[in-house]
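First residue of the sequence shown? That's 0 in numbering that gives the first Met the number 0, and the numbers climb one at a time after it.
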Amino acid sequence: MSTRELYAHDPGGPVWEVPAAGAARFGWDYDDGRTRLLALYQKGKDKQWDAAKRIDWDLESDPYDPLGVPDESLVVHGTPYWDKMSEANKRDLRRRYASWQFSQFLHGEQGALVCASRIVESVPDLDAKFYSATQAMDEARHVEIYSRFLHEKIGLLYPVNPNLQSLLDDTLRDSRWDMPYLGMQVLIEGLALAAFGMLRDTTGKPLPKQILAYVMQDEARHVAFGRMALRDYYRQLSDVELREREEFVIEGCYLMRDRLRGEEVLHDFGIPPADAEELCERSEFLQLFRKLLFSRIVPCVKDIGLWGERLQRAYADMGVFELGDANLDLLMAQDEEIAEELDARRFKEEEAARTAEVAEAIAQGARETVADG
0 MSTRELYAHD
10 PGGPVWEVPA
20 AGAARFGWDY
30 DDGRTRLLAL
40 YQKGKDKQWD
50 AAKRIDWDLE
60 SDPYDPLGVP
70 DESLVVHGTP
80 YWDKMSEANK
90 RDLRRRYASW
100 QFSQFLHGEQ
110 GALVCASRIV
120 ESVPDLDAKF
130 YSATQAMDEA
140 RHVEIYSRFL
150 HEKIGLLYPV
160 NPNLQSLLDD
170 TLRDSRWDMP
180 YLGMQVLIEG
190 LALAAFGMLR
200 DTTGKPLPKQ
210 ILAYVMQDEA
220 RHVAFGRMAL
230 RDYYRQLSDV
240 ELREREEFVI
250 EGCYLMRDRL
260 RGEEVLHDFG
270 IPPADAEELC
280 ERSEFLQLFR
290 KLLFSRIVPC
300 VKDIGLWGER
310 LQRAYADMGV
320 FELGDANLDL
330 LMAQDEEIAE
340 ELDARRFKEE
350 EAARTAEVAE
360 AIAQGARETV
370 ADG
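Right, here's the structure in full:
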């Protein structure tokens, strides 16, 4: 079955074209470059992995409850709409919400793949080109993973959310070489990390937990890359240039906060757009989720030097200003540790299973010898 047959709605034409702008930049300085970026490049090479082997794709997954998160996380839970739903409707709702979430992850990862490739082309520094090349491989792997999960485990996809598409469009159309960093590494990747983390920590299903933990291990490096490159560059910009980039951040943050809510799923169950919007606004879970979405973005924006008065007011209006003091390095270190602990636990369980299998084979052999004797 082709991907297009699995879409809940028509995704439009087979290809979305964004006119390219800006120059391809070559650098003739082949010296070592910045130590921090080269160390990150080495780490990017060392940490490559095979999604077909590291993830246990044989794990069972219920397409009608693929994430195993509490029903309280659904914005219709506890409302008259929920009370009127049959059990079959509720099962389908869980499936569609999971499909919508992972579909946006998938489309965002393809955007990250394109942006990483754009950075290789447009960034002037060779050390940044080196690292971004490893990130392009990471993003290709993430597209592979989310696509496989949606195709094989859920069997349903949603088209890209128009507002995510709009942010991708703004990021890719800008001719300034730093904008793919800012739009993708800081905003979209930062939002994705928070969403991945919340699901990773709440899902009771082993397969999505593996997927999210291992993808987040990669993403921690990507955000570190964006911080390093932009912090160095933004120190050189004028106040006017910094304010232009802050305006981009403000618009992108409001867009993500107010529009990435999964209302398309509610429309599929006949809930009118006005009611769907009101349900999203009133949902306590979604209010918490929207705030947590900025836990990686706000400290990163502050760290790279975009912290003007208007941006601070915008974050205060969103109720996330205090997140500027969050320890981003600690969050990223935790992402790395969780993936490593998951690996260690899996390998220990697999070794124990192999040991038991060998012991049983020896015992069986002994029993057969006794029987023959």
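A virtual CB, placed ideally from N, CA and C, is assigned to each residue, including glycine.
C-beta contact flag for residue i and residue j at 9 Å
i: leucine 192; j: alanine 228; result: no
i: leucine 198; j: valine 74; result: no
i: arginine 244; j: leucine 236; result: yes
i: leucine 66; j: serine 102; result: no
i: cysteine 114; j: threonine 78; result: no
i: glycine 32; j: aspartate 168; result: no
i: tryptophan 99; j: tyrosine 63; result: no
i: glutamate 71; j: phenylalanine 284; result: yes
i: leucine 5; j: glycine 110; result: no
i: leucine 112; j: leucine 259; result: no
i: isoleucine 270; j: tyrosine 80; result: yes
Euclidean distance between Cα positions of residue i and residue j
i: alanine 194; j: leucine 58; result: 23 Å
i: asparagine 160; j: arginine 226; result: 27 Å
i: serine 165; j: phenylalanine 320; result: 25 Å
i: methionine 331; j: glycine 261; result: 27 Å
i: arginine 90; j: arginine 3; result: 23 Å
i: arginine 172; j: valine 119; result: 16 Å
i: phenylalanine 247; j: phenylalanine 224; result: 20 Å
i: aspartate 55; j: glutamate 308; result: 48 Å
i: threonine 34; j: glutamine 41; result: 10 Å
i: leucine 406; j: leucine 310; result: No information on residue 406 is available, as it lies outside the stretch 0 to 372 that the chain covers here.
i: threonine 201; j: proline 69; result: 8 Å
i: aspartate 9; j: alanine 275; result: 21 Å
i: glutamate 375; j: lysine 152; result: In this structure the chain extends from 0 to 372, so residue 375 is not present and cannot be described.
i: tyrosine 376; j: serine 116; result: Missing from the structure shown is residue 376; the chain here goes from 0 to 372 and no further.
i: arginine 312; j: glycine 189; result: 20 Å
i: histidine 221; j: histidine 76; result: 36 Å
i: glutamate 340; j: alanine 135; result: 26 Å
i: alanine 273; j: alanine 7; result: 21 Å
Proximal residues to residue i (C-beta, below 7 Å), its chain only, five neighbours per side dropped
i: phenylalanine 104; result: Tyr145 and Ala191
i: arginine 230; result: Asp302, Ile303 and Gly304
Spatial neighbours of residue i in its chain, beta-carbon cut-off 6 Å, leaving aside the 5 residues before and after
i: isoleucine 187; result: Gly107
i: tyrosine 213; result: Ala338
Burial state of residue i, where buried means 16 or more other Cβ atoms lie within 10 Å
i: methionine 317; result: buried
i: leucine 287; result: exposed
i: arginine 289; result: buried
i: glutamine 216; result: buried
i: arginine 182; result: Reading the sequence as shown, one finds glycine at residue 182 and not arginine. Buried is the call here.
i: lysine 204; result: buried
i: serine 60; result: buried
Check: residue i C-beta below 8 Å from any heavy atom of the ligand MG
i: valine 159; result: This structure does not include the ligand MG; it has no bound ligands of any sort.
Count the C-beta pairs between the region 13-26 and the region 168-183 that are closer than 8 Å, then say yes if the count reaches three, no if not.
yes
Any chance the region 292-304 sits against the region 319-336, with 3 or more Cβ pairs inside 8 Å?
yes
The region 134-148 contacting the region 36-56, beta-carbon criterion three pairs below 8 Å
yes
With contact counted as at least three CB pairs below 8 Å, one residue from each stretch, are the region 195-212 and the region 328-348 in contact?
yes
Are the region 89-104 and the region 257-276 in contact at 8 Å, needing three or more beta carbon pairs?
By the Cβ rule, the region 89-104 counts as touching the region 257-276, because three or more pairs are nearer than 8 Å.
Under 8 Å: do the region 82-89 and the region 117-129 share three or more Cβ pairs, one atom per stretch?
Counting Cβ pairs under 8 Å, fewer than three are found: no touch.
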